[in-house]
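Undergrad: Sending over a structure as structure tokens; questions will come in a sec.
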Amino acid sequence: MVREVKTSVNQDNRMDIHIALLREVHDTAEGVMVTPNSTMEREILEGLLQTPKRIASKYFYDARGSELFEAICELPEYYPTRTESAILAKYAHEMAERIGPNAIVIEFGSGSSTKTRILLDALISPKAYIPVDISEALLLSASAQLRTDYPNLIVEPVHADYTSTFRLPEIAQNAGRVIAFFPGSTIGNFEPQEAAKFLERIAHLVGEQGALLIGVDLRKSIAILEPAYNDSQGITAQFNLNVITRLHRELGIDLSETDFGHYAFFNSAESRIEMHLIAKRDFCATIAGQHIEFRNDEHVITEYSYKYSLEAFNALALDAGFAQAEVWKDEENLFSVQLLDVAQLTNSRLN
25 MVREVKTSVN QDNRMDIHIA LLREVHDTAE GVMVTPNSTM EREILEGLLQ TPKRIASKYF
85 YDARGSELFE AICELPEYYP TRTESAILAK YAHEMAERIG PNAIVIEFGS GSSTKTRILL
145 DALISPKAYI PVDISEALLL SASAQLRTDY PNLIVEPVHA DYTSTFRLPE IAQNAGRVIA
205 FFPGSTIGNF EPQEAAKFLE RIAHLVGEQG ALLIGVDLRK SIAILEPAYN DSQGITAQFN
265 LNVITRLHRE LGIDLSETDF GHYAFFNSAE SRIEMHLIAK RDFCATIAGQ HIEFRNDEHV
325 ITEYSYKYSL EAFNALALDA GFAQAEVWKD EENLFSVQLL DVAQLTNSRL N
């Protein structure tokens with residue numbers, strides 16, 4: 025479901041975000057009409073009313089969740105971050121040559137912008153960097169540091185949910201080539217149909233001369249995949265369970281991390297890692313006046329992470345209006361960074 029996020033820049037370069045909230049009415053068990061009072065509350069309620077229950081993975085990333093994910097990226101079992109960083113470091117100058125000079129770089133889910141620096145250091149006279157992230161504190165902190173470290177680069181942060189429609193700063197409207205940067209294999213968190221829709225939205229955002237530089241995790245042995253999401257230090261489990269603490273803190277939902285356990289496995293048939301929370305007992309929670317029952321051993325899906333072959337992702341990209349221009353991989357074929365050029369623009373999935 026699309027929400028429009030409108031942004032404007034004031035004299036202090038801060039982003040005024042106005043989210044057009046869609047408010048829905050639900051019947052409680054007692055028949056009383058209740059309206060969720062925030063987008064987050066509405067989306068959490070909708071997810072927990074599904075079968076199986078779901079919590080959108082974007083809600084992992086409060087301040088604590090962002091810190092835990094940064095820790096996950098340093099774990100020995102978690103290959104994606106170090107492998108992608110190594111690919112970027114080895115081939116960044118090739119990427120920069122393909123991208124060209126004076127580019128505007130838009131990054132989705134920028135986080136601490138660590139990998140971005142590898143790309144920025146290689147690019148030829150980049151004009152501006154526009155990080156887009158849902159975690160405002162991390163976004164503003166990283167942007168301030170980038171302004172210090174790259175004094176000749178215009179940095180315009182956008183605090184938004186990048187899976188929704190949002191407006192870019194004015195500089196992106198009057199620029200040369202626009203490049204979207206989407207590292208970290210986050211595209212795997214989308215269901216394939218939604219991934220195609222998201223990629224198509226990016227194609228329209230960057231325009232006919234634009235491109236997308238994207239990290240894509242490749243299909244590989246379960247012996248490598250499953251430990252990456254079940255690390256020996258239990259950091260991924262903390263990351264998964266932290267979403268429950270966030271729901272309790274921000275929405276007042278009577279849930280506790282002690283009510284759930286962490287579970288992650290590779291679903292070979294669907295070519296995806298699945299991360300779940302499993303209820304440890306029977307209990308009931310109340311959200312916006314709606315009673316939600318949890319049964320012992322009931323699963324709540326918190327994340328999918330699809331793993332692609334090069335052929336499968338090429339087909340997905342083509343369906344969204346992109347064509348593979350270049351693919352860079354590590355020697356073990358664990359991960360890929362792909363440059364996709366806009367091949368055609370279509371309105372088939374944008375409404």
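With the sequence shown counted from 1, adding 24 to any position gets you the numbering used here. Virtual Cβ for every residue (Gly too), placed ideally from N, Cα, C. Note that the coordinates shown come from a computational prediction; the quantities given were computed from them, not determined experimentally.
1. What first and last residue would you give for the alpha helix (DSSP H) that runs through Q217?
2. Just checking, does the region 227-244 make contact with the region 196-214 on the three C-beta pairs under 8 Å criterion?
3. Nearest-angstrom Cα distance between I130 and V361?
4. A204: which of A349, S149, D255 and I238 sits nearest, CA to CA?
5. Under a Cβ-count criterion, where at least 16 other Cβ atoms within 10 Å of its own Cβ denotes burial, should L163 be classed as buried or exposed?
6. What do you get for D278, buried or exposed, if any count of 16 or more other CB atoms within 10 angstroms of its CB means buried?
7. Rounding to the nearest angstrom, what Cα-Cα distance links L144 and A166 in this structure?
8. At the level of alpha carbons, what is the spacing between D365 and G276?
9. What would DSSP say about A344, mapped onto helix, strand or coil?
10. Alpha carbon to alpha carbon, how far is A95 from T138? Give it in angstroms, no decimals.
11. Tell me whether P155 sits in a helix, a strand or coil according to DSSP, three-state version.
12. Taking Cβ to Cβ, would you say E215 is nearer than 8 Å to Y328?
13. Relative to the C-alpha of P175, which candidate in G124, K151 and T282 has its C-alpha closest?
14. If I measure Cβ to Cβ from L340 and keep anything under 8 Å in the same chain, skipping five residues before and after, which residues do I get?
15. Apart from the five residues on each side of it in sequence, which residues of its chain come closer than 8 Å, Cβ to Cβ, to A87?
TA: So, to answer that:
1. P216 to V230 is the extent of the alpha helix (DSSP H) around Q217.
2. In short, these stretches touch, since the Cβ pair count reaches three.
3. Their Cα atoms are separated by approximately 16 Å.
4. Checking every option, the nearest Cα to that of A204 belongs to I238.
5. It counts as buried.
6. It is exposed - the Cβ of D278 has fewer than 16 other Cβ atoms within 10 Å.
7. If I take the Cα positions, the gap works out to 14 Å.
8. Spanning the alpha carbons of D365 and G276 requires a straight line of approximately 45 Å.
9. Correct three-state label for A344: coil.
10. Distance between the alpha carbons of T138 and A95 is about 13 Å.
11. For P155, the secondary structure class from DSSP, reduced to helix, strand or coil, is strand.
12. In contact: E215 and Y328 (Cβ atoms closer than 8 Å).
13. Checking every option, the nearest Cα to that of P175 belongs to K151.
14. Counting only Cβ-Cβ distances below 8 Å, and skipping sequence neighbours, we find P216, A219, A220, L223 and Y332.
15. The answer, listed in chain order, is S159, A161 and L162.
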